[in-house]
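In terms of our numbering, the sequence shown opens at residue 200 and continues consecutively. Glycine is no exception: its CB is placed at the ideal position from the N, C-alpha and C atoms. Read the structure below first, then the notes.
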Amino acid sequence: MRLITNPASSLEAKWPALRRNALGDGILEAGQLTRIEGLRPEDKRWDDWKKVQLLKVINGLNAAEKDAADLATENLTIGEVALVCALGWLDLRLPEAAGWREERPALAAWFDMVSKKPSIAATAPKVPA
């Protein structure tokens with residue numbers, strides 16, 4: 200058992216990572232819901248619901264762009280890992296979000312830099328042949 204002498208300061212130090220983790224998870228979940236809705240038969244699609252999910256992706260990307268200067272490039276937290284996973288998935292699976300890089304240059308630069316790390320490159324999504 201580890202004794203935490205000042206739980207408030209310890210928790211406060213974790214908030215940025217936890218917030219980014221939730222942000223990455225939210226971007227990915229809304230992206231997956233957007234894709235799934237787009238795969239349904241056209242007569243069964245709910246286009247307004249799909250637009251709402253895509254708006255969640257866009258809002259999440261905008262929040263991540265504002266945070267990009269503070270994202271770690273070396274010792275990644277769960278927050279950065281969640282964002283890397285979400286962004287990699289968007290590139291691979293969600294054509295509706297294809298312009299995210301041009302509209303968010305700081306986030307794109309961070310993603311490109313972190314994607315070169317061996318641990319990230321080894322687990323990056325691969326385009327099916």
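Spatial neighbours of residue i in its chain, beta-carbon cut-off 8 Å, leaving aside the 5 residues before and after
| i | result |
| --- | --- |
| Ala305 | Glu264, Ala267 and Ala268 |
| Leu293 | Gly230, Thr233, Arg234 and Val256 |
Identity of the residue in the options nearest residue i by Cα
| i | options | result |
| --- | --- | --- |
| Cys284 | Ala262, Pro294, Gly237 and Leu227 | Leu227 |
| Pro215 | Thr322, Ala308, Val326 and Leu275 | Leu275 |
| Leu282 | Leu210, Glu211, Ala212 and Gly225 | Gly225 |
| Ser318 | Arg303, Glu295, Val280 and Ala212 | Val280 |
| Leu222 | Arg244, Asn261 and Val251 | Asn261 |
| Leu270 | Met312, Val326, Pro324 and Ala321 | Met312 |
Residue i (DSSP reduced to helix, strand or coil)
| i | result |
| --- | --- |
| Arg300 | helix |
| Val313 | helix |
| Ala305 | helix |
| Pro215 | helix |
| Ala323 | coil |
Distance between beta carbons of residue j and residue i, contact taken as under 8 Å
| i | j | result |
| --- | --- | --- |
| Asn220 | Gly278 | 5 Å |
| Leu291 | Val326 | 7 Å |
Close-in-space but distant-in-sequence residues of the same chain around residue i (CB under 6 Å, 5 per side omitted)
| i | result |
| --- | --- |
| Ala307 | Arg300 |
| Leu286 | Phe310 |
| Ser314 | none |
Residues near residue i by beta carbon distance below 7 Å, same chain, minus five either side
| i | result |
| --- | --- |
| Leu253 | Thr233 and Glu295 |
| Trp288 | Leu227, Gly230 and Pro324 |
| Lys249 | Thr233, Glu236 and Gly237 |
key: Segments of 3+ residues assigned as beta strand (DSSP E) that fall wholly inside the region 234 to 295   = none
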